[in-house]
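Asker:
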Amino acid sequence: MEITISKAYITLGQLLKDAGVVESGGAAKWYLAENSVQINGEEDNRRGRKLVAGDTVILNDGSQFNLVQG
Numbered sequence: 001m002e003i004t005i006s007k008a009y010i011t012l013g014q015l016l017k018d019a020g021v022v023e024s025g026g027a028a029k030w031y032l033a034e035n036s037v038q039i040n041g042e043e044d045n046r047r048g049r050k051l052v053a054g055d056t057v058i059l060n061d062g063s064q065f066n067l068v069q070g
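Counting from 1, one number per residue, gives the positions in the sequence shown under the UniProt record's numbering.
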């Protein structure tokens, strides 16, 4: 799935909300504590992690998000 960003970056927590994985920042914190997330092939669980166009995020369930500049 492609996620279009209009700013220089978005945070991992915002991506999870935009993708409909979680409903709030608090839920993102819980989600990241309980689930593995890979960003460009490296595991990361910081909801404040900055993501830019070209990054790829893969969730524990296999969902993949590709960020593109819009």
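C-beta: ideal position from N, C-alpha, C; glycine also.
These numbers come from a predicted model, not from an experiment.
Here's a check: name, in chain order, each residue in its chain whose Cβ is nearer than 8 Å to the Cβ of G48, leaving out the five neighbours to either side.
Answerer: Answer for G48: T11, L12, G13, listed in chain order.
Asker: Between which two residues does the alpha helix (DSSP H) carrying E34 extend?
Answerer: Segment 25–34, the alpha helix (DSSP H) holding E34.
Asker: Give the DSSP-derived three-state secondary structure of K7 in the structure shown.
Answerer: Looking at K7 - three-state DSSP - the assignment turns out to be coil, as it is neither helix nor strand.
Asker: Which residue marks the beginning of the beta strand (DSSP E) containing V21, and which one marks its end?
Answerer: It is not in any beta strand (DSSP E) - V21 carries neither H nor E in the DSSP assignment.
Asker: Short check: CB of N66 to CB of T56, under 7 Å?
Answerer: Yes. Within cutoff.
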